[in-house]
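See structure below.
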Amino acid sequence: MSLPFFDKKAEECESDFDKWIYVLKHMEALERMPFTAQKKIFKRLAELADSRCLSQEEQEKYDESLKAADDYYGVLMSYYMNGIDEGEAKGFAKGEAKGFAKGEAKGFAKGEARGSYHKSLDIAKKMLLKGMDDDSIMELTGLTHEQLHQLKS
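Read in the working numbering, the sequence shown has 129 at position 128, and its numbers run on one by one without any break.
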């Protein structure tokens, strides 16, 4: 690990933070130490990290910091979950509106086509009653020969 701006010697480290940074910076040297020396150092580090060794005041501060961290992550998770719910709701509403519009347009076109077809049939009936020939009726109404034949039956 490279910590170029931390240049304190072991005896200059006063706070626990300084000691941790010192250990991290010199971790390579710790690996070259005999196992018994490593064991002593890591035992001391474990003691420093053990929250049971804290004074009452330190324990309260530690507990407050844990609670603050839990609250912070809880709020973040809440925002995250609300964002997902909101996104799903918006996506659903958008999809529903799009689907409705598409369905409405299809229904309108289909209804218009049916209406036009029925109007053509009505006109063709009147033309047949007036005695017009099949070719003229098909040309003016747009009906096919089969449709006109069905109308006559």
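Backbone N, C-alpha and C fix where the C-beta goes; we use that ideal spot for every residue, glycine too.
As the structure is a computational prediction, the values presented were derived from the model and not from experiment.
- prompt: What span of residues does the alpha helix (DSSP H) with residue 175 cover, start to end?
  reply: Because the chain here runs from 2 to 154, residue 175 falls outside it and cannot be looked at.
Whole-angstrom distance between residue 91 and residue 18, CA atom to CA atom: Locating residue 18 in the sequence shown gives position 17, counting from the first residue. Locating residue 91 in the sequence shown gives position 90, counting from the first residue. Linking residue 18 to residue 91 through their CA atoms gives a straight-line distance of about 47 Å.
- request: Over the uninterrupted alpha helix (DSSP H) stretch that includes residue 140, give me the two end residues.
  value: For the purposes of this step, residue 140 is identified with residue 139 of the sequence shown, where counting begins at 1. 135–142 is the span of the alpha helix (DSSP H), which, as asked, contains residue 140.
task: Count the other CB atoms, across all protein chains shown, that sit within 10 Å of the CB of residue 141; report buried if there are 16 or more and exposed otherwise.
output: Locating residue 141 in the sequence shown gives position 140, where the first residue counts as 1. Flag for residue 141 reads exposed.
task: Decide if residue 114 is buried, meaning its Cβ has at least 16 other Cβ atoms within 10 Å, or exposed.
output: The residue given as residue 114 occupies position 113 in the sequence shown. By the neighbour-count rule (16 or more Cβ atoms within 10 Å), residue 114 is not buried but exposed.
message: Taking 8 Å as the cut-off, does the segment 108–124 touch the segment 134–152 (at least 3 CB pairs, one atom from each stretch)?
response: Yes, since at least three Cβ pairs between the segment 134–152 and the segment 108–124 fall closer than 8 Å, the two stretches touch.
- request: Determine the closest residue to residue 147 out of 63, 41, 12, 125, with distance taken between C-alpha atoms.
  value: Taking the sequence shown and counting its residues from 1, one reaches residue 147 at position 146. Of the candidates 63, 41, 12, 125, the one whose C-alpha sits nearest the C-alpha of residue 147 is 125.
query: Can you tell me the Cα-Cα spacing of residue 112 and residue 75, whole angstroms?
result: Your numbering for residue 112 matches position 111 in the sequence shown. Your numbering for residue 75 matches position 74 in the sequence shown. About 54 Å.
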